[in-house]
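Right, one structure below, let's go through it.
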Amino acid sequence: MDFGRRLKEERERLGYTQEALATVCNVSKRAQLKYESGEQCPGGGYLAGASLAGIDIVYVLTGRRTGQHDPDETRLLAKYRSASSEVKKVVMAALAAAPATPQAAYTITASDIAQVVQGNVDQSGATIQVGRKRKR
1 MDFGRRLKEE
11 RERLGYTQEA
21 LATVCNVSKR
31 AQLKYESGEQ
41 CPGGGYLAGA
51 SLAGIDIVYV
61 LTGRRTGQHD
71 PDETRLLAKY
81 RSASSEVKKV
91 VMAALAAAPA
101 TPQAAYTITA
111 SDIAQVVQGN
121 VDQSGATIQV
131 GRKRKR
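Per the numbering used here, numbering through the sequence shown is continuous, rising by one, with the last residue being 136.
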């Protein structure tokens, strides 16, 4: 996973030292080193702090800059924005009628994430028990 490399790239882009970014994100310098080396993945608190510091979290996590589009998407958006309202209606109708193309499968490894939930999940009847029952 290139998470650590992208995190370091973003840190350097913004001119932070490892210690400075660690302080802003409320972690130790050692934790920052581990995140950048790929030894550990940070939690949500760190990512929220990094985002407030200006780090492009979407880029760090996915490798894709926020607002970045494929060249075809960029051309399509430019044409759509300059089109008349009639053309926009036709385009939207054509897109709505077209069958959706399934997304390529994304491989997730144990080091990437702990749990994956897709689709609608009804947990209204779920019970979570941690540990053993106590003896009475």
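Backbone N, C-alpha and C fix where the C-beta goes; we use that ideal spot for every residue, glycine too.
With respect to the C-alpha of G15, the residue from K34, Q40, N120, G54 having the closest C-alpha is G54. Considering only R11, Y80, S82, the residue with the shortest C-alpha distance to L47 is R11. Of the candidates P102, L7, R132, R75, the residue whose Cα lies closest to the Cα of G49 is L7. The continuous stretches of alpha helix (DSSP H) do not include P102, and DSSP gives it neither H nor E. Annotation for E10: the continuous alpha helix (DSSP H) segment containing it runs 3 to 13.
In the three-state DSSP reduction, I57 falls in the helix class (H, G or I). Close CB contacts of Y80 within its chain, under the 7 Å cut and outside five residues either way in sequence, are with K88, V91 (chain order). Non-local C-beta neighbours of C25 in its own chain, meaning closer than 6 Å and more than five positions away in sequence, comprise Y46, G49, A50, ordered along the chain. DSSP, read as helix, strand or coil, puts A22 in helix.
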